[in-house]
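A.B. asks: Can you read through this structure? Questions will come right after.
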Amino acid sequence: MAAYVVRRLLHMVVALFVLATLVFFLTRALPGGPFDREKALPPEIVHNLETHYGLRQPLWRQYLDYLGHALRGDLGPSYSSPTDTVTALIARHLPVSAELGFWALLVAVGLGIPLGVLAAWYHNTLIDALATFVAVLGRSVPPIALAPLLILVFGLELRWLPVARFDTPAQRVLPALALGLGMAALIARLTRSTLLQVIREDYIRTARAKGLGEWRVVLVHALRNALIPVVTLLGPLAATVVTGTFIVEFFFAVPGLGRYYIVSISNRDYPVIMGTSLLFGAVIMTANMLVDVLYSWIDPRIRLD
Amino acid sequence: MVTRSLPAADVPGPPEGLWRLALRRFLRNRLAVASLVFLVLLTLAAVFAPLVAPRPYAADDLLAAYAPPGPGYLLGADFMGRDVLSRLIYGARVSLAVALVGALISLAIGLAYGITAGYRGGRWDRLMMRIVDVFYALPTLVVVILIMVYFRAGQPQSFTGIKALLNRWDDALGGLLFIFVGIGLTSWLQMARVARGEALALMNRDFVQSAVALGASGPRVVLRHLLPNLLGPCIVVETATIPSYILTEAFLSFIGLGVNPPMPSWGAMINEGYQAMRSYPHVILWPVLALTATVLAFNFIGDGLRDALDPRLGDPS
Numbered sequence: 000m001a002a003y004v005v006r007r008l009l010h011m012v013v014a015l016f017v018l019a020t021l022v023f024f025l026t027r028a029l030p031g032g033p034f035d036r037e038k039a040l041p042p043e044i045v046h047n048l049e050t051h052y053g054l055r056q057p058l059w060r061q062y063l064d065y066l067g068h069a070l071r072g073d074l075g076p077s078y079s080s081p082t083d084t085v086t087a088l089i090a091r092h093l094p095v096s097a098e099l100g101f102w103a104l105l106v107a108v109g110l111g112i113p114l115g116v117l118a119a120w121y122h123n124t125l126i127d128a129l130a131t132f133v134a135v136l137g138r139s140v141p142p143i144a145l146a147p148l149l150i151l152v153f154g155l156e157l158r159w160l161p162v163a164r165f166d167t168p169a170q171r172v173l174p175a176l177a178l179g180l181g182m183a184a185l186i187a188r189l190t191r192s193t194l195l196q197v198i199r200e201d202y203i204r205t206a207r208a209k210g211l212g213e214w215r216v217v218l219v220h221a222l223r224n225a226l227i228p229v230v231t232l233l234g235p236l237a238a239t240v241v242t243g244t245f246i247v248e249f250f251f252a253v254p255g256l257g258r259y260y261i262v263s264i265s266n267r268d269y270p271v272i273m274g275t276s277l278l279f280g281a282v283i284m285t286a287n288m289l290v291d292v293l294y295s296w297i298d299p300r301i302r303l304d
Numbered sequence: 000m001v002t003r004s005l006p007a008a009d010v011p012g013p014p015e016g017l018w019r020l021a022l023r024r025f026l027r028n029r030l031a032v033a034s035l036v037f038l039v040l041l042t043l044a045a046v047f048a049p050l051v052a053p054r055p056y057a058a059d060d061l062l063a064a065y066a067p068p069g070p071g072y073l074l075g076a077d078f079m080g081r082d083v084l085s086r087l088i089y090g091a092r093v094s095l096a097v098a099l100v101g102a103l104i105s106l107a108i109g110l111a112y113g114i115t116a117g118y119r120g121g122r123w124d125r126l127m128m129r130i131v132d133v134f135y136a137l138p139t140l141v142v143v144i145l146i147m148v149y150f151r152a153g154q155p156q157s158f159t160g161i162k163a164l165l166n167r168w169d170d171a172l173g174g175l176l177f178i179f180v181g182i183g184l185t186s187w188l189q190m191a192r193v194a195r196g197e198a199l200a201l202m203n204r205d206f207v208q209s210a211v212a213l214g215a216s217g218p219r220v221v222l223r224h225l226l227p228n229l230l231g232p233c234i235v236v237e238t239a240t241i242p243s244y245i246l247t248e249a250f251l252s253f254i255g256l257g258v259n260p261p262m263p264s265w266g267a268m269i270n271e272g273y274q275a276m277r278s279y280p281h282v283i284l285w286p287v288l289a290l291t292a293t294v295l296a297f298n299f300i301g302d303g304l305r306d307a308l309d310p311r312l313g314d315p316s
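In order, the protein sequence lines correspond to chains A and B.
So for the first sequence, numbering that gives the first Met the number 0 puts the first residue at 0; every next one is plus one.
So for the second sequence, numbering that gives the first Met the number 0 puts the first residue at 0; every next one is plus one.
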């Protein structure tokens with residue numbers, strides 16, 4: 000177990016290192032420097048600025064510096080708002096995205112698990128077929144299509160909910176749905192199929208033989224074990240939350256990091272793009288690792304390799 | 000007098016092959032067949048777009064900007080007065096090309112890499128899969144965005160050598176080349192893992208072991224025994240992955256890193272529609288529906304293929 004965790008950690012460190020290297024060299028390969036202006040700066044000033052930002056040192060030295068700074072949480076200055084560092088921008092926008100991600104996960108789990116239980120409970124009936132169909136639909140309508148649909152239906156047509164900003168609770172509903180419904184569909188599907196498998200196990204028969212009510216058998220004995228594989232979804236879900244926020248925050252004008260990422264891509268604000276990419280990568284990789292470790296800890300039958 | 004015929008199963012006949020059996024099972028899945036018909040029609044419309052589309056995709060008429068759906072413009076017109084239906088049809092070219100090329104690249108590289116690792120086994124396998132593990136850990140969309148930012152940065156005329164050549168080809172393809180590259184660079188990793196797992200399992204099976212024991216050459220073992228037997232599961236996985244290629248392209252075009260305007264892409268159309276969503280919701284609705292229907296169709300076909308090719312994988316029912 001310990002050896003496995005250590006190996007996974009090592010993997011992650013190597014992957015992060017690869018991502019940071021990719022990020023660094025892509026940044027350097029990009030045309031144009033931070034000091035390009037409409038009106039050319041005097042060469043002496045450019046020289047001084049380049050010295051100040053360490054751009055006149057050999058590439059390997061810059062690379063090591065970048066890694067060292069990144070490790071200490073310093074991702075350099077932003078081009079488009081020079082008074083801000085990338086780290087400060089991230090600190091300002093990340094909490095909003097994290098909150099949106101939390102609500103989305105709540106939607107995913109809160110809708111997905113009941114829907115899956117319902118489908119398994121009424122297995123092979125119309126309700127099951129309906130729940131399964133809804134799940135397939137949810138899986139196939141990605142945020143880029145779901146967000147405008149939600150805005151059109153609930154915001155502009157029915158006028159039930161606000162379609163932009165992120166200040167009041169009501170404004171959080173549609174973004175959380177846009178981000179969470181697809182994941183709810185995945186969870187529902189997996190909950191249904193694992194629940195149907197678990198129901199056939201001996202200990203379920205024992206529980207029934209003891210005379211426990213059907214509700215208790217399914218919701219306590221079966222569901223608890225059926226949810227184990229659902230944990231594996233949390234890794235991919237973290238990735239979905241992170242990349243989903245790009246689109247959802249954009250559509251709903253949520254001032255989070257995802258929207259800022261898209262904006263800085265349009266602005267070609269390279270340090271922000273690179274720093275944020277590094278952060279997103281680190282978040283997704285950490286989530287994946289935690290899920291794998293958590294999974295092997297919950298279910299000791301999983302072979303660790 | 001009526002003679003009762005025997006039930007079909009009792010009649011001895013030539014045994015049905017795996018693929019024929021799979022085809023029969025697939026054809027029984029109505030959703031999957033309907034999806035296939037939809038995609039075939041979409042493909043035909045995309046291939047023959049100049050004949051099918053009512054107007055050229057870039058033909059604008061500012062007097063008709065945001066025209067509602069009607070006889071002149073069946074699905075309405077966009078902010079430049081371009082026919083939405085025509086742009087949808089041409090946009091299907093982009094989505095389907097990405098689906099096809101993404102799948103081909105992923106299968107070609109992933110199968111070759113994965114089978115090599117699984118067939119070689121031992122140290123080679125460990126080394127090759129360690130490399131895949133590291134790259135697999137990288138978040139796909141972020142890597143694709145970085146690659147696209149790199150390719151799309153700066154003035155193309157300042158490029159030299161190979162990058163200038165690539166840029167010319169990319170221009171000729173309306174910006175599709177770099178999308179292919181971005182998706183291709185990341186898509187084969189999963190396929191390599193699947194193919195390697197299947198190849199490794201097959202290498203331990205008796206029929207492969209006896210072929211090896213009889214002195215079958217490497218290429219023979221790979222082409223005759225491994226490839227045909229692992230193709231099924233790999234195709235199932237690939238079909239399930241195709242929607243993610245389509246969505247990646249839609250996303251890239253949505254944020255302006257995808258196809259070059261005025262070439263229409265559903266993602267770019269969603270962005271254009273978003274700008275005027277409050278007043279003219281029809282402009283965003285059609286590309287959203289087209290994208291959803293296409294992804295849905297691929298998912299239904301994927302499920303159908305999975306049930307047909309490998310019934311063990313399906314949901315218990």
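Backbone N, C-alpha and C fix where the C-beta goes; we use that ideal spot for every residue, glycine too.
Since this is a predicted model, take the numbers as computed values, not measurements.
Check the Cβ of ASP132(B) against every Cβ in chain A and list those closer than 7 Å, keeping chain order.
C.D. replies: Within the second sequence, residue 132(B) is the residue found at index 133, counting from 1. Within chain A, HIS10 have C-beta atoms less than 7 Å from the C-beta of ASP132(B), given in sequence order.
A.B. asks: What did DSSP end up calling ASP268(A) once you bin it into helix, strand or coil?
C.D. replies: One-based indexing of the first sequence puts residue 268(A) at position 269. Three-state result, ASP268(A): coil.
A.B. asks: How should GLY160(B) be labelled, buried or exposed, when 16 other C-beta atoms within 10 angstroms of its C-beta is the threshold for buried?
C.D. replies: Here residue 160(B) corresponds to residue number 161 of the second sequence, with the count starting at 1. With fewer than 16 other Cβ atoms within 10 Å, it is exposed.
A.B. asks: For THR190(A), name the three-state secondary structure that DSSP assigns.
C.D. replies: For the purposes of this step, residue 190(A) is taken as the residue at position 191 of the first sequence. In this structure, THR190(A) counts as helix in the three-state DSSP scheme.
A.B. asks: So is ASP314(B) in contact with chain A if we call contact Cβ pairs under 8 Å?
C.D. replies: As a working note, residue 314(B) is residue 315 in the second sequence. Confidence is the limiting factor: at ASP314(B) the pLDDT is only 45, short of 50, which leaves the residue's position unreliable and the question unanswerable from this model.
A.B. asks: For PHE153(A) versus LEU145(A), is the C-beta distance shorter than 8 Å?
C.D. replies: Residue mapping note: residue 153(A) aligns to position 154 of the first sequence, counting from 1. Residue mapping note: residue 145(A) aligns to position 146 of the first sequence, counting from 1. Not closer than 8 Å, so no.
A.B. asks: Please confirm whether THR238(B) has its beta-carbon closer than 8 Å to some beta-carbon of chain A.
C.D. replies: Start at 1 with the first residue of the second sequence, and residue 238(B) comes out as number 239. So no, THR238(B) is outside the interface.
A.B. asks: Compare the Cα-Cα distances from LEU201(B) to each of GLY117(B), PHE297(B), TYR72(B) and ARG29(B) and report the closest residue.
C.D. replies: Within the second sequence, numbered from 1, the residue matching residue 201(B) stands at position 202. With distances taken between Cα atoms, LEU201(B) lies closest to GLY117(B).
A.B. asks: Which partner residues of ASP82(B) appear in the DSSP bridge assignment?
C.D. replies: Along the second sequence, read from residue 1 onward, the residue named residue 82(B) stands at position 83. For ASP82(B), which the question treats as bridged, DSSP gives the partners ALA76(B).
A.B. asks: With a threshold of 16 other CB atoms inside 10 Å of the CB of TYR65(A), please say whether the residue is buried or exposed.
C.D. replies: For the purposes of this step, residue 65(A) is taken as the residue at position 66 of the first sequence. Answer is buried; the Cβ neighbour count reaches 16.
A.B. asks: Quick check on the burial criterion: 16 or more other C-beta atoms within 10 angstroms. Buried or exposed for GLU237(B)?
C.D. replies: Here residue 237(B) corresponds to residue number 238 of the second sequence, with the count starting at 1. Flag for GLU237(B) reads buried.
A.B. asks: Can you find the residues in the same chain that come closer than 7 Å, C-beta to C-beta, to TYR279(B), ignoring five residues on each side of it along the sequence?
C.D. replies: Position 280 of the second sequence holds residue 279(B). TYR65.
A.B. asks: Excluding the five sequence neighbours on either side, which residues of its own chain have a C-beta within less than 8 Å of the C-beta of VAL292(A), listed in chain order?
C.D. replies: Position 293 of the first sequence holds residue 292(A). Closer than 8 Å at Cβ, skipping near neighbours: TYR3, VAL4 and ARG7.
A.B. asks: By how many angstroms is the C-alpha of LEU236(A) removed from the C-alpha of VAL230(A)?
C.D. replies: The residue you call residue 230(A) lines up with position 231 of the first sequence. The residue you call residue 236(A) lines up with position 237 of the first sequence. Going from the Cα of VAL230(A) to the Cα of LEU236(A) covers about 10 Å.
A.B. asks: Can you find a CB in chain A that lies within less than 8 Å of the CB of TYR72(B)?
C.D. replies: The sequence position of residue 72(B) within the second sequence is 73, counting from 1. So no, TYR72(B) is outside the interface.
A.B. asks: Bridge partners for THR84(A) per DSSP, in chain order?
C.D. replies: Walking along the first sequence from the start, residue 84(A) turns up at place 85. Note: THR84(A) sits in a beta bridge opposite PRO76(A).
A.B. asks: Quick one: complete alpha helix (DSSP H) runs, 4+ long, within the region 242-294 of chain B?
C.D. replies: 265-274
A.B. asks: May I have the straight-line CA-CA distance separating LEU278(A) from PHE165(A), to the nearest angstrom?
C.D. replies: In the first sequence, the residue the question calls residue 278(A) occupies position 279. In the first sequence, the residue the question calls residue 165(A) occupies position 166. Computed Cα separation, rounded: 23 Å.
A.B. asks: What's the C-alpha gap between LEU246(B) and PHE297(B)?
C.D. replies: What you label residue 246(B) is simply residue 247 of the second sequence in a count that begins at 1. What you label residue 297(B) is simply residue 298 of the second sequence in a count that begins at 1. Going by the C-alpha atoms only, they are around 12 Å apart.
A.B. asks: Let me check understanding here. Comparing Cα to Cα, which of ARG129(B), PRO261(B), LEU226(B) and SER243(B) lies closest to ASP170(B)?
C.D. replies: Working through the second sequence from its first residue, we reach residue 170(B) at position 171. Here the closest residue by C-alpha is PRO261(B).
A.B. asks: Can at least three beta-carbon pairs, one atom from the region 179-191 of chain A and one from the region 109-125 of chain A, be found at a separation below 8 Å?
C.D. replies: yes
A.B. asks: Measure the CB-CB distance between LEU148(A) and TYR149(B) and report whether it falls below 8 Å.
C.D. replies: As a first step, residue 148(A) must be located in the first sequence, where it is residue number 149. As a first step, residue 149(B) must be located in the second sequence, where it is residue number 150. No Cβ-Cβ contact shorter than 8 Å links LEU148(A) with TYR149(B).
A.B. asks: Using 8 Å as the threshold, is the region 132-143 of chain B in touch with the region 58-72 of chain B, meaning 3 or more CB pairs across them?
C.D. replies: no
A.B. asks: Using a Cβ-Cβ cut-off of 6 Å (strictly less than) and excluding sequence neighbours within five positions of LEU176(B), which residues of its own chain qualify?
C.D. replies: To locate residue 176(B), count along the second sequence from 1; it is residue 177. Cβ within range, chain order: TRP168 and ASP169.
A.B. asks: Specify whether the region 258-271 of chain A and the region 123-132 of chain A touch according to this definition: at least 3 beta carbon pairs, one from each stretch, less than 8 Å apart.
C.D. replies: no
A.B. asks: Pull up the distance between the alpha-carbon of HIS68(A) and that of ALA198(B), whole angstroms please.
C.D. replies: As a first step, residue 68(A) must be located in the first sequence, where it is residue number 69. As a first step, residue 198(B) must be located in the second sequence, where it is residue number 199. Going from the Cα of HIS68(A) to the Cα of ALA198(B) covers about 44 Å.
A.B. asks: Does DSSP put HIS122(A) in a helix, a strand or coil?
C.D. replies: For this step, residue 122(A) is matched to residue 123 along the first sequence. When secondary structure is reduced to three states using DSSP, HIS122(A) falls in the coil class, being assigned neither helix nor strand.
A.B. asks: Within 10 angstroms of the Cβ of THR185(B), are there 16 or more other Cβ atoms? Answer buried if so, exposed if not.
C.D. replies: Taking the second sequence and counting its residues from 1, one reaches residue 185(B) at position 186. It counts as buried.
A.B. asks: Put ASP127(A) into one of helix, strand or coil per three-state DSSP.
C.D. replies: In the first sequence, residue 127(A) corresponds to position 128, counting from 1. Of the three classes helix, strand and coil, the one that applies to ASP127(A) here is helix, per DSSP.
A.B. asks: Can you pull the chain C residues whose beta carbon is under 8 Å from the beta carbon of ASN287(A), in chain order?
C.D. replies: Of the chains in the structure shown, none is chain C; the protein chains are A and B.
A.B. asks: Can you tell me whether THR50(A) is buried or exposed? The criterion is at least 16 other CB atoms within 10 Å of its CB, across all chains shown.
C.D. replies: Against the first sequence, residue 50(A) aligns to sequence position 51. With fewer than 16 other Cβ atoms within 10 Å, it is exposed.
A.B. asks: Pick out whichever of GLY174(B), ALA212(B) and LEU304(B) has its Cα sitting closest to the Cα of GLY257(B).
C.D. replies: Taking the first residue of the second sequence as position 1, residue 257(B) is located at position 258. It is GLY174(B) whose Cα lies nearest to the Cα of GLY257(B).
A.B. asks: For LEU59(A), name the three-state secondary structure that DSSP assigns.
C.D. replies: By one-based count along the first sequence, residue 59(A) stands at place 60. Position check: residue 59(A) holds Trp in this sequence, whereas Leu was assumed. Note: TRP59(A) maps to helix in three-state DSSP.
A.B. asks: Find the nearest neighbour of SER85(B) within the set GLN274(B), SER264(B) and GLY109(B), judged by alpha-carbon distance.
C.D. replies: Taking the first residue of the second sequence as position 1, residue 85(B) is located at position 86. That would be SER264(B), whose Cα lies nearest to the Cα of SER85(B).
A.B. asks: Listed in chain order, which residues of the region 181-214 of chain A have Cβ atoms closer than 8 Å to some Cβ of chain B?
C.D. replies: ARG188, ARG191, SER192, LEU195 and GLN196
A.B. asks: Measure from the alpha carbon of GLY234(A) to the alpha carbon of each residue in GLY243(A), LEU289(A) and ILE261(A), then state which is nearest.
C.D. replies: By 1-based counting over the first sequence, the position of residue 234(A) is 235. Comparing Cα positions, the closest option is LEU289(A).
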